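What follows is one structure encoded as structure tokens, with my remarks underneath.
Chains as they are written, first to last, in my numbering: chain A, 258 to 486; chain B, 44 to 452.
Here's what the structure looks like:
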């Protein structure tokens with residue numbers, strides 16, 4: 258599903274340049290649940306952003322579902338993001354003036370679906386994350402865990418090939434973290450490929466495979482015994 | 044770009060961001076409203092000004108005979124100069140190039156009586172051209188004509204207020220009024236914008252007046268108007284030549300300042316016109332200033348709005364919004380709001396102006412108005428610049444990498 262070879266990325270910091278990713282190689286198959294582990298500054302978020310086409314690599318190849326992701330125009334990148342990827346962010350990034358239902362329906366709007374179908378689908382995914390009764394609530398009326406579940410519903414609604422989660426539990430307490438991870442496991446069980454970036458080993462252990470980054474290189478890539486929730 | 048779905052999305056955004064909507068809408072509405080009001084007031088001032096100063100014909104020379112102060116060519120000083128009919132003919136013959144209208148004037152006061160009612164009025168004996176010099180407006184009947192002059196008829200044209208005083212609700216035209224020994228037939232009623240005094244006048248053929256006064260040929264004053272295309276310089280040349288001509292004809296020392304007076308309205312007109320154009324410039328300046336202030340206001344708000352939405356735009360991009368759809372969204376939203384509120388401000392302003400009408404006349408603002416073209420252009424400009432002001436930050440926001448936009452707190 259995802260194939261990455263020799264990925265490099267550096268950031269210009271004034272006159273210095275910071276080499277964040279120093280040649281990353283891996284392959285992720287369909288249906289995997291992969292944790293990308295690493296302490297802050299290891300380059301894991303940068304990697305995820307490149308995978309999510311939110312950022313561009315300096316060097317290297319990135320194949321997503323056998324499509325080469327390179328030199329995309331903003332418009333094509335937007336279309337790919339819309340069709341292939343679902344995002345879950347640490348800070349949820351829900352649009353604060355839209356209610357849960359509208360937030361979930363938003364990626365469908367950009368897919369060009371009709372309003373009625375959008376509503377239907379959004380409700381379906383809200384139901385899946387157990388928030389059907391909260392459809393008309395604004396993000397400010399939801400708890401952290403609920404917000405993240407809305408965000409997951411939103412990411413899933415566009416039926417992406419890959420779900421990318423950047424520290425999905427970073428802003429949550431341990432109980433709600435487990436709830437959210439349980440939801441992610443459930444979605445994975447249904448066959449979705451999921452990448453979770455985290456710095457917590459507990460969270461990583463809830464995945465099926467852990468890729469550990471350190472200073473821009475992969476130091477470990479192994480299957481793990483998934484802790485089922 | 045203008046699908047129903049997109050409008051739904053826009054309305055939703057507008058509805059759910061009331062403060063933002065009201066803020067930008069208010070700026071535009073207020074800008075247009077103030078523009079209309081100020082511009083209207085400016086036009087009102089101009090109206091008053093024109094009513095005060097620009098009523099009489101502006102291209103006239105007034106000739107008054109005086110009393111000489113110097114002895115000259117065998118004549119003693121302190122000689123009273125008089126105008127007579129031949130002077131009119133001389134001017135007509137010698138100054139064809141300059142001349143537009145010419146009329147003598149003989150002023151008297153007399154008692155008019157009708158059906159036992161009497162009143163004293165100023166009677167002006169004039170030629171038909173007087174109508175154009177004084178810009179007299181005929182309401183009924185006619186002014187004194189050339190036939191009246193030639194045949195020395197006993198016809199008069201009376202002012203609106205004279206008619207009101209004497210005839211009450213009767214139609215004065217064709218009625219006879221007694222003046223002195225004889226009866227005069229009213230052939231017309233006139234009005235004059237210069238005010239009440241001018242409408243309490245009676246016009247009489249000057250030849251008739253001369254006949255009444257022992258068939259003399261004396262004239263009190265001569266009013267000539269020159270062709271407007273002569274301009275200021277031409278008017279001065281005309282004045283100079285006319286003065287020289289009369290001084291030589293009446294044998295007045297060329298350096299004598301009191302034998303003959305010529306009043307040239309051109310200088311006053313020039314000043315008035317300068318004042319009017321200054322007024323115009325001030326009005327335009329105020330108008331443009333208001334507009335610019337409005338444009339800056341809406342620009343600031345647009346920059347603020349887009350900045351505030353950076354993160355939202357990042358989220359939208361992560362979810363698959365293309366740069367074009369981001370720009371289109373912001374533009375459609377801002378154009379929609381500015382158009383609606385612009386039209387609202389426009390209508391409110393025009394409504395206020397029409398309500399004021401002449402209520403502010405005491406402050407010299409008469410019939411304030413804004414012509415619809417100016418109003419529409421102003422509204423359009425504000426909407427247009429509002430759109431540009433929205434486009435620039437929208438374009439920038441759309442081209443920010445989503446990752447940067449998402450990091451925005």
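C-beta atoms are modelled at their ideal positions from N, C-alpha and C, and glycine is treated no differently.
Quick caveat, the model's predicted, so the values are computed rather than measured.
Helix, strand or coil at residue i [DSSP, three-state]
{"i": "residue 316 of chain A", "result": "strand"}
{"i": "residue 144 of chain B", "result": "strand"}
{"i": "residue 258 of chain A", "result": "coil"}
{"i": "residue 269 of chain A", "result": "strand"}
{"i": "residue 160 of chain B", "result": "strand"}
{"i": "residue 343 of chain A", "result": "strand"}
{"i": "residue 287 of chain A", "result": "coil"}
{"i": "residue 202 of chain B", "result": "strand"}
{"i": "residue 44 of chain B", "result": "Low local confidence applies: a pLDDT of 45 at residue 44 of chain B is under 50, so the model's placement there is unreliable, with the coordinate-based value given in what follows. Of the three classes helix, strand and coil, the one that applies to residue 44 of chain B here is coil, per DSSP."}
{"i": "residue 407 of chain A", "result": "helix"}
{"i": "residue 126 of chain B", "result": "strand"}
{"i": "residue 280 of chain A", "result": "strand"}
{"i": "residue 299 of chain A", "result": "coil"}
{"i": "residue 378 of chain A", "result": "helix"}
{"i": "residue 291 of chain B", "result": "helix"}
{"i": "residue 106 of chain B", "result": "strand"}
{"i": "residue 186 of chain B", "result": "coil"}
{"i": "residue 323 of chain A", "result": "coil"}
{"i": "residue 263 of chain A", "result": "strand"}
{"i": "residue 303 of chain B", "result": "strand"}
Chain A contact for residue i (CB, 8 Å cutoff)
{"i": "residue 438 of chain B", "result": "no"}
{"i": "residue 44 of chain B", "result": "Only weak support exists for where residue 44 of chain B lies, its pLDDT of 45 falling under 50; the value from the coordinates is given anyway. No, its Cβ sits nowhere closer than 8 Å to a Cβ of chain A."}
{"i": "residue 57 of chain B", "result": "no"}
{"i": "residue 344 of chain B", "result": "no"}
{"i": "residue 449 of chain B", "result": "yes"}
{"i": "residue 350 of chain B", "result": "no"}
{"i": "residue 60 of chain B", "result": "yes"}
With 16 other Cβ atoms within 10 Å as the buried cut-off, status of residue i
{"i": "residue 297 of chain B", "result": "exposed"}
{"i": "residue 390 of chain A", "result": "exposed"}
{"i": "residue 140 of chain B", "result": "exposed"}
{"i": "residue 332 of chain A", "result": "exposed"}
{"i": "residue 70 of chain B", "result": "buried"}
{"i": "residue 402 of chain B", "result": "exposed"}
{"i": "residue 328 of chain B", "result": "exposed"}
{"i": "residue 89 of chain B", "result": "buried"}
{"i": "residue 157 of chain B", "result": "buried"}
8 Å Cβ cutoff, residue i in contact with chain B
{"i": "residue 319 of chain A", "result": "no"}
{"i": "residue 368 of chain A", "result": "yes"}
{"i": "residue 331 of chain A", "result": "yes"}
{"i": "residue 388 of chain A", "result": "no"}
{"i": "residue 312 of chain A", "result": "yes"}
{"i": "residue 335 of chain A", "result": "yes"}
{"i": "residue 372 of chain A", "result": "yes"}
Counterpart residues of residue i in DSSP-defined beta bridges
{"i": "residue 234 of chain B", "result": "B/180"}
{"i": "residue 248 of chain B", "result": "B/169"}
{"i": "residue 480 of chain A", "result": "A/466"}
{"i": "residue 460 of chain B", "result": "Since the first residue shown for chain B is 44 and the last is 452, residue 460 of chain B is missing from the structure and cannot be characterised."}
{"i": "residue 453 of chain A", "result": "A/292, A/422"}
{"i": "residue 474 of chain A", "result": "A/471"}
{"i": "residue 415 of chain B", "result": "None, per the DSSP bridge assignment."}
{"i": "residue 267 of chain B", "result": "B/104, B/145"}
{"i": "residue 274 of chain A", "result": "A/269"}
{"i": "residue 118 of chain B", "result": "B/115"}
Chain B contact residues for residue i, given Cβ-Cβ distances below 7 Å
{"i": "residue 352 of chain A", "result": "355, 358"}
{"i": "residue 406 of chain A", "result": "Result: empty, since nearest Cβ-Cβ is about 17 Å, beyond 7 Å."}
Interface partners of residue i on chain A, CB under 8 Å
{"i": "residue 362 of chain B", "result": "338, 339, 344, 363, 364, 367, 411, 415"}
{"i": "residue 321 of chain B", "result": "Those do not exist, as residue 321 of chain B stays about 51 Å from chain A at its closest Cβ, beyond 8 Å."}
{"i": "residue 367 of chain B", "result": "332"}
{"i": "residue 453 of chain B", "result": "The displayed coordinates of chain B run from 44 to 452. Any statement about residue 453 of chain B would go beyond what the structure contains."}
{"i": "residue 86 of chain B", "result": "The contacting residues do not exist; residue 86 of chain B stays about 44 Å from chain A at best."}
Within chain A, the residues that residue i reaches when beta carbons sit closer than 7 Å
{"i": "residue 446 of chain B", "result": "306, 311, 312"}
{"i": "residue 81 of chain B", "result": "Residues of chain A passing the Cβ test: none, with the nearest at roughly 37 Å."}
{"i": "residue 52 of chain B", "result": "366"}
{"i": "residue 374 of chain B", "result": "Neighbours of residue 374 of chain B on chain A: none; closest Cβ ~17 Å, over 7 Å."}
Neighbour flag for residue i against chain D, beta carbons, 8 Å
{"i": "residue 354 of chain A", "result": "Among the protein chains of the structure shown, namely A and B, there is no chain D."}
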